[in-house]
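Engineer: Before I ask anything, here is the structure I am working with.
Numbering (the working numbering), first residue to last: 2 to 107.
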């Protein structure tokens, strides 16, 4: 069983809803993103959805588009997002879900 399924089952057994916050990897910097992830994990997040910045986020709303622009200005985009995922795995025991457009992973 993967960590996401395990966490959802744990939350269901408690009869609660899952707290799954979203943040854009690298917004405003990779270091601050890691600080936010630690704070969310310490604050009770069950899972974190981590956005992968992309240069043309036309399907996102203005808030996520702005986060993506900030992240792209301080990172290498998807490469740094994956570096952040590795770092999270080394430091924090929380499942991650990546949200990305198809283009960056081709």
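The beta-carbon is built from N, C-alpha and C at its ideal position, and this holds for glycine as well.
1) In the DSSP assignment, what residue or residues form a beta bridge with residue 98?
2) Helix, strand or coil for residue 23 per DSSP?
3) Rounded C-beta distance between residue 46 and residue 82? I'm assuming under 8 Å.
4) Please state the DSSP three-state secondary structure of residue 103.
5) So what's residue 14 in DSSP terms, helix, strand or just coil?
6) Under the assumption that residue 54 contacts residue 69 (Cβ atoms under 8 Å), give the Cβ distance between them as a whole number of angstroms.
7) Would you mind reading off the limits of the alpha helix (DSSP H) that contains residue 69?
Structural biologist: Answer, in terms of the structure:
1) Bridge partners of residue 98: 50.
2) It is a strand residue.
3) Actually they are not in contact, since the Cβ atoms of residue 46 and residue 82 sit about 18 Å apart, beyond 8 Å.
4) In the three-state reduction of the DSSP assignment, residue 103 falls in the coil class, being assigned neither a helical nor a strand state.
5) In the structure shown, residue 14 sits in a helix (DSSP, three-state: H, G or I).
6) Indeed they touch by this definition, with Cβ atoms about 5 Å apart.
7) Membership of residue 69 in the alpha helix (DSSP H) is indicated by the continuous run 63-75.
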